[in-house]
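Per the numbering used here, the sequence shown starts with residue 634, numbered consecutively. Notes follow the structure.
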Amino acid sequence: MRYQKLDFKQYKRDHTQQAYWFRLVDNHLMYVAILFFTFVFTACQKEKMDMGVDNRAVTENRERSNVRIINMAGFNQVISGKDSLTNFIVRRPDAPDTDRYPGTSYFPVDGRLGKSWVIPQDLFNQQDQVKLTLGIRHYQGALDRDITFQAANDYRKPMDYFLMPTLFMDGQPDIVAVPRAVSAPSKPDHFKIRVVNLGGPIKHQTMGLLGMQEDITGAVSLAYADGTLVSTQTNNIQTNAVASDYIELPYGTYQFRLLLQDGRQIPALGADTYAYTVLHPSTSTIAIDHSSNSNLHYAPVTTYQPGGVYTLLVAPGEFNYYVDEIGNTSSYYQNAFQVLTDVAAPANRTYSRIQAANARAGQPINFRVDGKPLADALAFGQASNYLNMIQGTHRIEALDASGKVLASLEQAMQPAQNYTIWLYPQQDGKPQLLLVANDLSGSVYTGAQDDASFARLQYQFYFPKRFLNLSIGNPYVTFTVGNGQSPATSFDNRDAVENLQPGIPKMERPYIGYRTLYNPFEFMVYRSTPDVVPGIWASDISVLTHEAFIANKKLYEKSGRPEPIQEAGVYTVALIGKSAKDATATDKARMILVKHTR
634 MRYQKLDFKQ YKRDHTQQAY WFRLVDNHLM YVAILFFTFV FTACQKEKMD
684 MGVDNRAVTE NRERSNVRII NMAGFNQVIS GKDSLTNFIV RRPDAPDTDR
734 YPGTSYFPVD GRLGKSWVIP QDLFNQQDQV KLTLGIRHYQ GALDRDITFQ
784 AANDYRKPMD YFLMPTLFMD GQPDIVAVPR AVSAPSKPDH FKIRVVNLGG
834 PIKHQTMGLL GMQEDITGAV SLAYADGTLV STQTNNIQTN AVASDYIELP
884 YGTYQFRLLL QDGRQIPALG ADTYAYTVLH PSTSTIAIDH SSNSNLHYAP
934 VTTYQPGGVY TLLVAPGEFN YYVDEIGNTS SYYQNAFQVL TDVAAPANRT
984 YSRIQAANAR AGQPINFRVD GKPLADALAF GQASNYLNMI QGTHRIEALD
1034 ASGKVLASLE QAMQPAQNYT IWLYPQQDGK PQLLLVANDL SGSVYTGAQD
1084 DASFARLQYQ FYFPKRFLNL SIGNPYVTFT VGNGQSPATS FDNRDAVENL
1134 QPGIPKMERP YIGYRTLYNP FEFMVYRSTP DVVPGIWASD ISVLTHEAFI
1184 ANKKLYEKSG RPEPIQEAGV YTVALIGKSA KDATATDKAR MILVKHTR
């Protein structure tokens, strides 16, 4: 039997080479598998698209000039050179899209000239001049017309061009140029404001159901809500003078009025509710119906922010009036004022406002904030003026006439907030301080929506009231109107007036009565319990009538006009004093009223 002779060295070399090739093939197969599965999985991945939506009306970054157009005449089309900047589209009044127009590059919202427009810098030529043709286009075309004007862009002298409704008024040209300020106030917690009087006689007087349209032309003066004149610089501004100087005031929430020399008020444009645009032409006051008068002049309650610059413009505007007994209305023109923002203020992240109120019977009280005076010799039931503060933690003290600290409080004050610091007695008579934040925004919560967001209404002419129990001897009180009825309306929180405990303010929706009441009312106090509301009428506590909500009756007496039921503003109704057998006439429980807007 023959045996094959094996060469072990050769055998080792052959098998080693085979093993090498097997490993090489295995490695290549592994790499191919990795590449294959990588391709499969990456092929399943879809490119992620940016689904963000740019909802800005203006997306082009155009440099603004110092020339602004204020459109009081209803112009809606603009031509620069041979280029139409607006859409020149006119729709039928009964068309389903009558209020929807396509935007253009210069007017991206609806392609039409609105109330105001700052002319972009790129429309000016090399000499900083621009020539524009402004037009009115309506469906019927009866009142269509064009005007042309030329403006210069001067960075040392910003200018407003007011387009006047000369079809309905006399005494003014088609265009009035008025310089405008853009510099900030000298004090950072103040704002600047002026009056521009471009009023004039109305061409076609209207006969209302209560009489002929009144004449409210002439010099005007700027006043606070109670009729107090603001400054000599804003008094008796004639139409030939056009504009007053700018004045500076502490920032805050104001209801400015413009008064004629005989004390009559000028109504304002821009009401947030249609009902406030329906006036009786004979008095320019809000009409309740065809034969009833509210005696209220619409004037917005506005927060003027620190660093802002504003103009109160007087010029003819369009209102409505009743023409019959079934509610039909027509329109007419009357001189009116409106608030223009010359320089928009930045967000207020620095300043807050605080006032003091004394709800403790006895000697007058002095209030200090960080050692500085807030109010001196504040009598029982009185409130002080406001003081602007820088946000942060502050120490508030109440002192008697000798300088002894009766109560103190350290509290963080947030920017853009309004506070009242109350001194009141606890049930044992010990003085206590209570800081309450006041909501002056005019925003009303109306309930949650299906998408979990909140529904709100924003008012500019509002009458909210908050209630506090700061008395001794009344563990639970409920505030009512006549016959024990709740003053809370459908949008109000009834809990805001029920079972108020001493020194514990309601925090959730604490205000009621944002809309005005046209019928006389009075507030009453009931002694309630958590189980019984309203409880038993506190006959020893005097009622608070609607007349308390009139700050200054002389405002109406001077003009010979009747008073309204109440005036707009944000109020706190507080029960102060003591309910006890030994209570005196000076310290017995009573309601007081504090107004937080001016």
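Here a beta-carbon is modelled for each residue, glycine too, at the ideal position from N, C-alpha and C. Remember, predicted model here, so these are calculated numbers, not experimental data.
Opening and closing residue of the beta strand (DSSP E) in which residue i lies
{"i": "Glu951", "result": "942-955"}
{"i": "His1027", "result": "1025-1032"}
{"i": "Met1157", "result": "1155-1162"}
{"i": "Pro735", "result": "From DSSP, Pro735 is part of no beta strand (DSSP E); its letter is neither H nor E."}
{"i": "Asp1009", "result": "1005-1011"}
{"i": "Met1224", "result": "1223-1228"}
{"i": "Asn699", "result": "697-704"}
{"i": "Asn709", "result": "Per DSSP, Asn709 belongs to no beta strand (DSSP E) and is neither H nor E."}
{"i": "Arg827", "result": "823-830"}
{"i": "Arg993", "result": "From DSSP, Arg993 is part of no beta strand (DSSP E); its letter is neither H nor E."}
{"i": "Lys764", "result": "762-769"}
{"i": "Tyr966", "result": "962-976"}
{"i": "Val1206", "result": "1204-1209"}
{"i": "Arg1127", "result": "No beta strand (DSSP E) holds Arg1127; DSSP gives it neither H nor E."}
{"i": "Ser749", "result": "749-753"}
{"i": "Tyr794", "result": "792-796"}
{"i": "Arg724", "result": "Premise fails: Arg724 is in no beta strand (DSSP E) and is neither H nor E."}
Residue i vs residue j beta-carbon contact at 9 Å
{"i": "Ser927", "j": "Glu847", "result": "no"}
{"i": "Gly812", "j": "Lys790", "result": "It should be pointed out that residue 812 corresponds to Pro in this sequence rather than to Gly. Their beta carbons are under 9 Å apart, which means Pro812 touches Lys790 by this criterion."}
{"i": "Tyr1109", "j": "Gly1168", "result": "yes"}
{"i": "Ala1184", "j": "Gly860", "result": "yes"}
{"i": "Pro949", "j": "Phe782", "result": "no"}
{"i": "Tyr1147", "j": "Phe1124", "result": "yes"}
{"i": "Ser864", "j": "Val942", "result": "no"}
{"i": "Gln967", "j": "Ile849", "result": "yes"}
{"i": "Phe1094", "j": "Val934", "result": "yes"}
{"i": "Gly995", "j": "Asp1215", "result": "no"}
{"i": "Pro1163", "j": "Asn1126", "result": "no"}
{"i": "Leu929", "j": "Val972", "result": "no"}
{"i": "Ala858", "j": "Ala969", "result": "no"}
{"i": "Leu1011", "j": "Ala1045", "result": "no"}
{"i": "Ala814", "j": "Val1069", "result": "no"}
{"i": "Ala706", "j": "Ile752", "result": "no"}
{"i": "Val828", "j": "Ser749", "result": "no"}
Span of the alpha helix (DSSP H), counted from its first residue to its last, around residue i
{"i": "Tyr1189", "result": "1187-1192"}
Neighbourhood of residue i by C-beta, 7 Å cutoff - its chain only, sequence neighbours within 5 removed
{"i": "Leu1103", "result": "Ala992, Trp1055, Tyr1057, Pro1135, Gly1136, Ala1207, Leu1208, Ile1209"}
{"i": "Leu639", "result": "Caution is warranted here: a pLDDT of 47 is assigned to Leu639, below 50, making its placement in the model unreliable, and the coordinate value is therefore given only provisionally. Taken in chain order, the list of residues that qualify is empty."}
{"i": "Gln938", "result": "Phe824, Tyr884, Ala978, Asn981"}
{"i": "Asp803", "result": "Gly833, Pro834, Lys836"}
{"i": "Lys585", "result": "The chain is shown from 634 up to 1231; residue 585 falls before or after that span and cannot be answered."}
Contact set for residue i: own chain, Cβ-Cβ below 6 Å, skip 5 residues either direction
{"i": "Ser1212", "result": "Gly1106, Asn1107, Ala1222"}
{"i": "Asn999", "result": "Asp1009, Leu1032"}
{"i": "Tyr739", "result": "Leu718"}
{"i": "Pro735", "result": "Asn720, Gly744"}
{"i": "Leu1166", "result": "Per the sequence presented here, residue 1166 reads as Val, with Leu not at that position. Closer than 6 Å at the Cβ level, and outside the excluded window around Val1166, lie Thr1111, Glu1131."}
{"i": "Asn830", "result": "Val853, Ile870, Thr872, Val947"}
{"i": "Thr886", "result": "Thr936, Leu1073, Thr1230"}
{"i": "Leu1020", "result": "Ile987, Leu1007"}
Beta-carbon proximity list for residue i, same chain, < 8 Å, skipping 5 on both sides
{"i": "Ala1088", "result": "Tyr1078, Thr1079, Gly1080, Ala1081, Gln1082"}
{"i": "Val1130", "result": "Phe1100, Thr1111, Phe1112, Thr1113, Ser1119, Pro1120, Ala1121, Ile1145"}
{"i": "Ala1218", "result": "none"}
{"i": "Val911", "result": "Ile919, Ala920, Phe952, Asn953, Tyr954, Tyr955, Thr962"}
{"i": "Trp654", "result": "Because Trp654 sits at a pLDDT of 46, beneath the cut-off of 50, its placement in the model cannot be relied upon, and the point is left open."}
{"i": "Thr731", "result": "Arg724, Arg725"}
{"i": "Phe757", "result": "Ser698, Val763, Asn786"}
{"i": "Asp755", "result": "Arg695, Glu696"}
{"i": "Lys1187", "result": "Gly860"}
Cβ-heavy atom distance, residue i to the ligand SAH, below 8 Å
{"i": "Ala1181", "result": "As far as ligands go, the structure on display features none, and thus does not contain the ligand SAH."}
### Query
Using 8 Å as the threshold, is the stretch 1190-1210 in touch with the stretch 1220-1229, meaning 3 or more CB pairs across them?
yes
### Query
Between the stretch 982-992 and the stretch 862-870, do at least 3 Cβ pairs fall closer than 8 Å?
no
### Message
Can you confirm whether the stretch 944-955 touches the stretch 838-857 when touching is taken to mean that 3 or more C-beta pairs between the two stretches lie within less than 8 Å?
### Response
yes
### Message
Count Cβ pairs between the stretch 772-791 and the stretch 689-708 that sit closer than 8 Å; are there 3 or more?
### Response
yes
### Task
Within the stretch 1059-1116, note down every full alpha helix (DSSP H) run reaching 4 residues or more, in order along the chain.
none
### Query
Counting Cβ pairs, one atom from each stretch, are 3 or more of them under 8 Å apart for the stretch 1025-1041 and the stretch 896-904?
no
### Message
I'd like the ranges of any beta strand (DSSP E) spanning at least 3 consecutive residues and lying wholly in the stretch 833-911.
### Response
853-856, 880-883, 885-887, 890-893
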